[in-house]
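In what follows, a structure is listed as structure tokens, so that the remarks can point back to it.
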Amino acid sequence: MDVHERLIRKHDPNHLILGDKNMVMWHYDFMLPAVKKHVDVVCVQAYGPREKDRKLCDMIYEATGKPIFNGDGCFGLAGPNQHEWGVKGFRTGANSIEEVAAKYEEMLRGMMATPCYLGWHHCGYIEQWDDSERGDAPRNENGFLDPFESYRTTWTNVLKTINPKAAELHAAAAVD
Numbered sequence: 012m013d014v015h016e017r018l019i020r021k022h023d024p025n026h027l028i029l030g031d032k033n034m035v036m037w038h039y040d041f042m043l044p045a046v047k048k049h050v051d052v053v054c055v056q057a058y059g060p061r062e063k064d065r066k067l068c069d070m071i072y073e074a075t076g077k078p079i080f081n082g083d084g085c086f087g088l089a090g091p092n093q094h095e096w097g098v099k100g101f102r103t104g105a106n107s108i109e110e111v112a113a114k115y116e117e118m119l120r121g122m123m124a125t126p127c128y129l130g131w132h133h134c135g136y137i138e139q140w141d142d143s144e145r146g147d148a149p150r151n152e153n154g155f156l157d158p159f160e161s162y163r164t165t166w167t168n169v170l171k172t173i174n175p176k177a178a179e180l181h182a183a184a185a186v187d
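What the sequence shown shows, in the working numbering, is residues 12 to 187, in sequence order.
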């Protein structure tokens, strides 16, 4: 990491260096000191329930003092055409799109109400079925759109409600 940081800063001293996406549930002990020293923002992959991931991300923040961006996360529900490969985010135990939407709302409100969280990226955009195997990962994508490009409005309405409130939630948390 030292060589990369030095070369990047040599050519662009104002470059924002994002740390590798580490799975929140595990990391190597040598990673946190290196991340603290060489990156500007810690990127994580967090697929778990908000409370579980929050504790681990809080620990990462305390160890590094760096803001956190969830660069890869999702909650999933395997549909009838996804039983062979399953979906990313399936371990959260959602049994309906309504439960997926509720988990997103809890996660988004919680992250945005935590000053050290900068934002998130959803892993997957359009639902993928078993017959369209990816080849690069042993899981299907879940998505805001079904395979026919119809929005899952129960889910996307949560995003439309929470995302515009991110700055307000951050500001309120910073005062507390």
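Just so it is clear, CB atoms sit at the ideal spot from N, CA and C, and this is done for glycine as well. The structure displayed is predicted, hence computed values, not measured ones.
Exercise. Alpha carbon to alpha carbon, how far is L119 from E95?
Worked result: Within the sequence shown, residue 119 is the residue found at index 108, counting from 1. Within the sequence shown, residue 95 is the residue found at index 84, counting from 1. Straight-line Cα distance between these residues: approximately 30 Å.
For this session: Please classify V188: does DSSP put it in a helix, a strand, or coil?
Result: Look at the range of the chain in this structure, 12 to 187, and you will see that residue 188 is not part of it.
Problem set entry | Extent of the continuous alpha helix (DSSP H) to which W131 belongs | Translated into positions along the sequence shown, residue 131 becomes position 120. That residue, W131, is in no alpha helix (DSSP H); its beta strand (DSSP E) goes 128-133.
Problem set entry | Distance CB(Y115)-CB(C68) smaller than 9 Å | As a working note, residue 115 is residue 104 in the sequence shown. As a working note, residue 68 is residue 57 in the sequence shown. The answer is no: Cβ separation not under 9 Å.
Exercise. What residue range is occupied by the uninterrupted beta strand (DSSP E) comprising G82?
Worked result: Walking along the sequence shown from the start, residue 82 turns up at place 71. Segment 79-84, the beta strand (DSSP E) holding G82.
Exercise. So F80 packs on A105, CB below 8 Å; how close in whole Å?
Worked result: The residue given as residue 80 occupies position 69 in the sequence shown. The residue given as residue 105 occupies position 94 in the sequence shown. The pair is not a contact, with the Cβ atoms about 24 Å apart (cut-off 8 Å).
Exercise. Between which two residues does the alpha helix (DSSP H) containing V14 stretch?
Worked result: Here residue 14 corresponds to residue number 3 of the sequence shown, with the count starting at 1. Per DSSP, V14 belongs to the alpha helix (DSSP H) from 13-22.
For this session: Pick out the complete alpha helix (DSSP H) segments inside the region 156-185, 4 residues or longer, and give them in chain order.
Result: 164-173
Exercise. Straight-line CA distance for L2 to H22?
Worked result: One cannot answer for residue 2 here, as it falls past the ends of the chain, which runs 12 to 187.
Exercise. If you compare alpha carbons, which of I137, H132, G76 is closest to V98?
Worked result: The residue given as residue 98 occupies position 87 in the sequence shown. Closest by alpha carbon: I137.
Problem set entry | Buried versus exposed, by CB contacts within 10 Å (16 or more), M70 | Here the question's residue 70 lines up with position 59 in the sequence shown. It is exposed - the Cβ of M70 has fewer than 16 other Cβ atoms within 10 Å.
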